[in-house]
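Here is the structure we will look at, set down as structure tokens.
In the numbering used here, the protein residues as written are 6 to 144.
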């Protein structure tokens with residue numbers, strides 16, 4: 006049975022992800038579309054990654070617990086401006102299992118922090134819509 010908190014994330018935050026996969030009870034994979042502001046910041050950092058010849062050599066196949074789900078341990082996983090995160094839900098925080106892009110933040114107290122870091126404009130709009138919806142509901 007999958008963690009209830011992961012089920013809530015899958016349901017409540019559909020607007021942020023393109024794909025959601027369950028890996029095991031406490032681990033999931035999420036494909037996020039990056040906001041333009043993140044794309045611009047990463048373009049500045051791209052030279053550093055491109056110059057890192059060892060990046061290709063750092064790719065490894067890893068398994069989480071007993072699952073055979075494979076992912077890359079590279080500087081970041083990116084395909085067509087999509088970030089792919091493998092996330093483990095611990096009792097008090099979320100851990101990104103694969104390396105991330107220029108932020109290199111591995112731990113988040115809640116999933117909203119991840120969306121705020123990698124999709125700041127989308128997250129702001131999401132929060133505004135939620136507040137507006139609550140405001141209209143209470144009228």
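All C-beta atoms, glycine included, are put in the ideal place defined by N, C-alpha and C. Since the model is a prediction, treat every value here as computed from it, not as a measurement.
With 16 other Cβ atoms within 10 Å as the buried cut-off, status of residue i
i           : result
residue 88  : buried
residue 72  : In this prediction, residue 72 has a pLDDT of 39, which is less than 50 and means its spatial position is unreliable; what the coordinates show is noted afterwards. Exposed, since its Cβ has fewer than 16 Cβ neighbours within 10 Å.
residue 120 : buried
residue 39  : buried
residue 37  : buried
residue 92  : buried
residue 130 : exposed
Between the CA atoms of residue j and residue i - distance to the nearest angstrom
i           : j           : result
residue 112 : residue 21  : 19 Å
residue 61  : residue 101 : Residue placement at residue 61 cannot be trusted, given a pLDDT of 47 that sits under 50; what the coordinates show is reported in the next sentence. Distance between the alpha carbons of residue 61 and residue 101 is about 20 Å.
residue 124 : residue 141 : 26 Å
residue 34  : residue 12  : 12 Å
residue 127 : residue 137 : 15 Å
residue 27  : residue 143 : 36 Å
Contact with chain C by residue i, beta-carbon distance below 8 Å
i          : result
residue 19 : Within the model displayed, chain C is absent; a lone protein chain is all it includes.
Option nearest residue i by Cα separation, candidates the options
i          : options          : result
residue 10 : 94, 110, 86      : 94
residue 14 : 97, 86, 115, 110 : 115
residue 23 : 90, 110, 98      : 90
Beta-bridge pairing of residue i - partner residues as DSSP gives them
i           : result
residue 33  : 27, 92
residue 113 : 99
residue 22  : 37
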